[in-house]
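Okay, structure first, notes after.
In this note's numbering, the protein residues as written are 420 to 725.
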């Protein structure tokens, strides 16, 4: 397994807005990039049959029905009520959730779909594995990814195995003053914070008929005022405590090793938009190993946050 510093660097590179990098494409210049990866057409089979002689595990609780709660309307939150400066900046600022509030042996896998140039793929092998093994997960989807995969997203959102989270409109860090990270400019005002969250929220509602109440920004960076705005809109801001695939740059062995560090209440962050990455194979290695430790998998919503 890579050292934490090297793993973190890989994640940062994966999320940088640089042309040609394989992960988390950022920036809204190209909302219709050419897609050369595998995308399962709507109506095609949703599972891969397990090998002969194997037993398909029973479904674990999903709790996905709780996603129908409707966050506050953007019209009820006035940008003028918020300052345009903040004192905190990072992934773990005040109000950001990184773990479940439980001692139960449960882990909440989360998968981002970031969109943008080089980021609109669909890891069908990963999703097929989760479905075959009945592993609940929460999918954080960006508007650009939805635009490129609308039928696939509608299918995923209709599956009770999966919960849905909001991953923003243009995949920007969430700031009230335009702060940037890794060369990526964040939202520049309270009004832009609201748009980054609520424009995608409207897209999710239109395509899937769901109103997610969990938000994760592009790059997972925030200031504390932006987090408060998200909370006032009715969202929990959810990051992670296990860096599962470092922006889809880890190979399968590294993904499996990272997930092996999960503890009861952990929220790993991985990606579902890079089918050429090691994420699917790494998750397939890690799931039985975690289950052998007594770990169950749950979506966000089955437990509160620490």
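For each residue, glycine too, the CB sits at the ideal point set by N, CA and C.
Fair warning: this is a prediction, and the values are worked out from it, not measured in the lab.
query: Separation of residue 701 from residue 676, as counted between CA atoms; result: 8 Å
query: C-alpha distance - residue 469 paired with residue 549, whole-angstrom precision; result: A caution first: residue 469 carries a pLDDT of 35, below 50, which makes its placement in the model unreliable, though a value can still be read off. Residue 469 and residue 549: Cα-Cα distance of roughly 12 Å.
query: Residue 713 versus residue 698: straight-line alpha-carbon distance, rounded; result: 22 Å
query: Integer Cβ distance of residue 623 from residue 560, believed to fall under 8 Å; result: 7 Å
query: Alpha-carbon spacing of residue 686 relative to residue 575, whole angstroms; result: 20 Å
query: Residue 581 to residue 691 span [Cα, whole Å]; result: 13 Å
query: Nearest residue (CA-CA) to residue 720, options 521, 599, 553, 512; result: 521
query: Terminal residues of the alpha helix (DSSP H) in which residue 548 lies; result: 543-551
query: Cβ shell of residue 643 (< 6 Å), same chain only, five flanking positions each side left out; result: 505, 507, 512, 513
query: Element boundaries [alpha helix (DSSP H), containing residue 531]; result: Where residue 531 is concerned, there is no enclosing alpha helix (DSSP H), although the beta strand (DSSP E) it sits in stretches over 529-532.
query: Given 8 Å, three or more beta-carbon pairs between the region 662-682 and the region 627-639; result: no
query: Per-residue DSSP class, three states only, for residue 662; result: strand
query: Proximity to residue 495 [Cα-Cα], best of 656, 583, 651; result: 651
query: Top-ranked residue by Cα proximity to residue 605, from 645, 708, 724; result: 645
query: 7 Å Cβ cutoff met for residue 552 and residue 717; result: no
query: Own chain residues within Cβ distance below 7 Å of residue 524, not counting five before or after; result: 683, 713, 714, 715
query: Cβ neighbours of residue 703 in the same chain (closer than 6 Å, five flanking residues each side left out); result: 548
query: DSSP-derived helix/strand/coil call for residue 714; result: coil
query: Counted within 10 angstroms of its Cβ, other Cβ atoms place residue 491 as buried (16 or more) or exposed; result: exposed
query: Residue 557 (DSSP reduced to helix, strand or coil); result: strand
query: Burial state of residue 602, where buried means 16 or more other Cβ atoms lie within 10 Å; result: exposed
query: N-terminal and C-terminal residue of the beta strand (DSSP E) that residue 572 is part of; result: Where residue 572 is concerned, there is no enclosing beta strand (DSSP E), although the alpha helix (DSSP H) it sits in stretches over 569-577.
query: Proximity of residue 597 and residue 615 at Cβ, strictly below 7 Å; result: no
query: Residue 646 (DSSP reduced to helix, strand or coil); result: helix
query: Pairwise C-alpha distance: residue 497 and residue 363; result: It is not possible to answer for residue 363, since the shown part of the chain is limited to 420 through 725.
query: C-alpha distance - residue 568 paired with residue 711, whole-angstrom precision; result: 35 Å
query: Same chain, Cβ closer than 7 Å to residue 680, neighbours up to 5 away in sequence not counted; result: 661
query: Distance between beta carbons of residue 608 and residue 600, contact taken as under 8 Å; result: Rounded, the Cβ-Cβ distance is 17 Å, inconsistent with contact.
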